[in-house]
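Visitor:
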Amino acid sequence: MAFDDQARKEFYNVLKVDHSINFADEAERARYVEHLHGNEDAMNLLKTEIELCDGQGVFLFSGQSGTGKTTELLRLQHALRTSSSFKGKVFYTDMTEWLNPTQKVELASFMLALTASWVDSLGNEQGQRSAWEKLWSFLKNTDVTLESFSFSAGAAQVEADATAIQVGANFGPLSTNIKLALQNDQQFRSTLEDALKKNKTGFVKQLHDFVRELKIELCPHQEKCVLLIDSLEKIVGGGENTKEVLSSVLQLFEQQSSVLQLPLMHVVYSIPPFILRQNRQLPARLGNAADVSLPSVHVFKRKPYTVDRSEQGGQSKLRRLLSMRYPPWSNFFTEDQINAIIENTGGDIRDYLRTLQLCLLKVSPEQARVTETHIQTAFDRIRPNMDLPEQEKHWLARVNDTHESCLGEHIDVYTLESYIKTKHVLAYMNGETWYGVHPLILDRLPRLTNAAQGVTG
1 MAFDDQARKE
11 FYNVLKVDHS
21 INFADEAERA
31 RYVEHLHGNE
41 DAMNLLKTEI
51 ELCDGQGVFL
61 FSGQSGTGKT
71 TELLRLQHAL
81 RTSSSFKGKV
91 FYTDMTEWLN
101 PTQKVELASF
111 MLALTASWVD
121 SLGNEQGQRS
131 AWEKLWSFLK
141 NTDVTLESFS
151 FSAGAAQVEA
161 DATAIQVGAN
171 FGPLSTNIKL
181 ALQNDQQFRS
191 TLEDALKKNK
201 TGFVKQLHDF
211 VRELKIELCP
221 HQEKCVLLID
231 SLEKIVGGGE
241 NTKEVLSSVL
251 QLFEQQSSVL
261 QLPLMHVVYS
271 IPPFILRQNR
281 QLPARLGNAA
291 DVSLPSVHVF
301 KRKPYTVDRS
311 EQGGQSKLRR
321 LLSMRYPPWS
331 NFFTEDQINA
341 IIENTGGDIR
351 DYLRTLQLCL
361 LKVSPEQARV
371 TETHIQTAFD
381 RIRPNMDLPE
391 QEKHWLARVN
401 DTHESCLGEH
411 IDVYTLESYI
421 KTKHVLAYMN
431 GETWYGVHPL
441 ILDRLPRLTN
451 AAQGVTG
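By UniProt numbering, the letter at position 83 of the sequence shown is numbered 83, and the numbering carries on one by one without gaps.
This is the structure:
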């Protein structure tokens with residue numbers, strides 16, 4: 001086949017991992033692969049409960065990074081908007097635009113991020129101007145009295161006053177400044193938390209009043225108002241503060257459940273999987289029956305631990321996903337190469353698409369098709385780092401051998417979560433959660449003796 005750089009460019013761009021399907025577009029909607037994560041439709045379960053639940057509700061949605069959670073939330077948004085049995089409005093927000101994922105979560109900062117992101121998501125929705133005015137009024141007049149709303153943005157010092165929100169039709173300066181402050185200014189976040197501590201009851205009451213008033217303004221005829229809160233599972237810290245950050249997210253949901261129940265609202269929180277593993281009673285505490293988890297695609301069977309090559313297996317579904325994105329993929333890859341990439345990325349959609357992109361980068365007029373060398377070079381780029389303590393290498397070997405978490409004295413749930421974050425460990429689900437080790441590090445794990453297999457971390 002002659003080298004076609006335009007075709008390579010088209011192929012490369014449809015593989016972008018940050019490009020979620022626009023479900024409002026029929027052509028893009030056709031690219032969606034049904035039941036990619038298993039036979040149960042997780043989003044349909046959430047949709048059904050939201051439609052059945054009157055009043056207000058909190059719904060939990062979890063999954064590790066790279067499994068397609070954003071795509072599923074956007075599908076839920078479209079499904080509700082087009083459902084004949086749903087009357088209301090649905091808004092989507094990405095919390096990584098408002099919170100720093102490497103810093104611990106505090107209640108006041110979180111709730112400001114949540115409400116500001118909701119207001120920002122209104123776009124040209126009727127009532128956005130009054131929504132920003134109400135939010136500004138809340139910040140200035142809350143019982144906890146935030147007398148000065150100022151923060152640093154890079155080298156500049158920004159002072160927000162009553163005129164700031166009058167600039168621009170969509171209050172862009174206030175939106176941008178709040179984002180910058182929440183993500184980058186520790187002094188601003190500390191000021192918020194100090195204000196909350198002085199009068200938590202007053203702070204929460206006024207915030208809930210703001211939410212209630214805005215909901216009534218947006219949905220004045222008792223329609224439902226749904227808010228989809230994405231990407232909280234990405235708030236996992238980094239390096240030495242991982243445990244502190246993960247603990248702060250867990251404490252937020254365990255200890256502040258009444259605050260997270262927004263009046264008259266149906267709120268879906270996308271959360272780290274370990275929160276539900278730590279507290280299976282959390283959905284009940286938040287007042288709802290269902291919680292939904294999105295595992296890695298089932299490329300492997302658990303018993304016996306083999307590649308699932310069936311028509312309904314993960315390998316077949318990920319090939320179908322590729323065909324829907326770029327039907328003539330065989331101009332660059334063989335089917336055996338695609339299968340090898342699927343198996344060696346373990347059902348992680350993000351790594352799968354990225355590996356394909358890395359291979360396409362190596363294609364040239366001299367080598368118009370992907371070679372085994374291209375694939376191995378791509379694998380070297382995505383392989384999790386194995387510069388690890390020997391004790392943790394042995395723990396990974398036990399996880400691979402048992403497909404259980406193998407927690408113990410030296411390996412706690414935070415260690416497990418940090419290794420899920422780095423994709424050393426992948427989570428699957430066939431009725432219950434089980435674990436696998438990333439296929440690209442299997443040959444680098446120590447071989448366990450019979451005695452070592454029974455030892456926990």
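Note that beta-carbon positions come from the ideal geometry of N, C-alpha and C, so glycine has one too.
1) Taking the alpha-carbon positions, what's the Arg-29 to Asp-194 distance?
2) Judging by CA-CA distance, which residue of Pro-384, Glu-217, Tyr-428 is the nearest neighbour of Asp-308?
3) Buried or exposed: which applies to Gly-314, given that a residue is buried once 16 or more other Cβ atoms fall within 10 Å of its Cβ?
4) Does the Cβ of Leu-322 have 16 or more other Cβ atoms within 10 Å, making it buried, or fewer, making it exposed?
5) Given Gly-168, which residues of its chain have a CB within under 6 Å of its CB, disregarding the five upstream and five downstream residues?
6) Buried or exposed for Asn-44, going by 16 or more other Cβ atoms inside 10 Å?
7) If we ignore side chains and look at the alpha-carbon of each, how far apart do Ala-27 and Thr-345 end up?
8) For Leu-440, count the other beta carbons within 10 Å of its own beta carbon; 16 or more makes it buried, fewer makes it exposed. Which is it?
9) Indicate whether the contact test is met: 3 or more Cβ pairs, each with one atom in the segment 238-247 and one in the segment 409-429, closer than 8 Å.
10) Let me know if Ser-310 comes out buried or exposed under the rule of 16 or more other beta-carbons within 10 Å of its beta-carbon.
11) State the start and end residues of the unbroken beta strand (DSSP E) segment that holds Leu-232.
12) In the DSSP assignment, find the beta strand (DSSP E) that holds Phe-91 and state where it starts and stops.
13) Less than 8 Å separating the beta-carbons of Arg-31 and Arg-325?
14) Can you list, in chain order, the residues of its chain whose CB lies under 7 Å from that of Leu-15, leaving out five sequence neighbours each side?
15) Leu-122 and Ala-113 - do their beta-carbons sit closer together than 8 Å?
16) Tell me which residues share the same chain as Ser-248 and place their Cβ nearer than 6 Å to its Cβ, disregarding the 5 neighbours each side in the sequence.
17) Taking the alpha carbon of Leu-107 as the point to measure from, which residue in Glu-254, Arg-398, Ala-378, Tyr-435 has its own alpha carbon closest?
18) Is Gln-315 near the ligand MN, with its Cβ less than 7 Å from a heavy atom?
19) Excluding five sequence neighbours on each side, which residues of the same chain lie with their C-beta closer than 8 Å to the C-beta of Ala-340?
20) Return the chain-ordered list of same chain residues with a C-beta closer than 6 Å to the C-beta of Gln-367, the five sequence neighbours on each side being excluded.
21) Could you name the residues of the same chain whose beta carbon sits closer than 7 Å to that of Leu-360, not counting the 5 residues immediately before and after it, in chain order?
22) Let me know the secondary structure DSSP gives Thr-402 once reduced to three states.
23) Below 8 Å on the Cβ atoms is my guess for Leu-286 versus Val-58; work out the distance and round it to an integer in Å.
24) Can you tell me which residues form a DSSP beta bridge with Cys-225?
25) State the Cα-Cα distance for the pair His-35 and Gln-278, rounded to the nearest angstrom.
26) Could you check what DSSP says for Met-111 in three-state terms: helix, strand or coil?
27) Within a Cβ cutoff of 8 Å, which residues of the same chain sit near Gln-251, ignoring the five residues on either side of it in sequence?
28) Determine the contact status of Leu-182 and Phe-91, defining contact as a CB-CB distance below 8 Å.
29) Rounded to whole angstroms, what's the CA-CA distance from Lys-87 to Val-370? Just pull it up for me.
30) Give me whichever residues DSSP pairs with Glu-213 in a beta bridge.
31) Hey, Ile-271 and Leu-232: beta-carbon distance below 8 Å or not?
32) Given Arg-207, which residues of its chain have a CB within under 7 Å of its CB, disregarding the five upstream and five downstream residues?
33) Quick one: what's got a C-beta closer than 7 Å to Ile-349's C-beta in the same chain, skipping five residues either side?
34) Mark Glu-72 as exposed unless 16 or more other C-beta atoms lie within 10 angstroms of its C-beta, in which case mark it buried.
35) In terms of residue numbering, what span does the alpha helix (DSSP H) encompassing Leu-192 cover?
36) Using the DSSP secondary-structure output, state which residues sit across from Trp-434 in a beta bridge.
Guide: On the basis of the data shown:
1) 46 Å
2) Tyr-428
3) Under this definition Gly-314 is a buried residue.
4) buried
5) Legend: pLDDT at Gly-168 = 34, less than 50; position of this residue unreliable, no value from coordinates given.
6) exposed
7) 28 Å
8) buried
9) yes
10) exposed
11) That residue, Leu-232, is in no beta strand (DSSP E); it is neither H nor E in DSSP.
12) Note, Phe-91: beta strand (DSSP E), 88-94.
13) A contact, by the Cβ cut-off of 8 Å.
14) Arg-325, Leu-353, Leu-356, Gln-357
15) no
16) Lys-104, Val-105
17) Glu-254
18) Summarising the ligand content, the structure contains no ligands, and the ligand MN is consequently not present.
19) Ile-375
20) Contacts found: none.
21) Arg-8, Phe-11, Tyr-12, Phe-332
22) Correct three-state label for Thr-402: helix.
23) 4 Å
24) Lys-89
25) 27 Å
26) helix
27) none
28) no
29) 50 Å
30) Answer is none; Glu-213 lacks a bridge partner.
31) yes
32) One detail in the question is off: residue 207 reads as Leu in this sequence, not Arg. Answer for Leu-207: Met-111, Thr-115, Phe-138, listed in chain order.
33) Excluding five sequence positions before and after Ile-349, the CB atoms of its chain that fall closer than 7 Å to its own CB belong to Gly-66, Thr-67, Gly-68, Val-297, given in chain order.
34) With 16 or more other Cβ atoms within 10 Å, it is buried.
35) 186-198
36) Beta-bridge pairing by DSSP links Trp-434 to Tyr-428.
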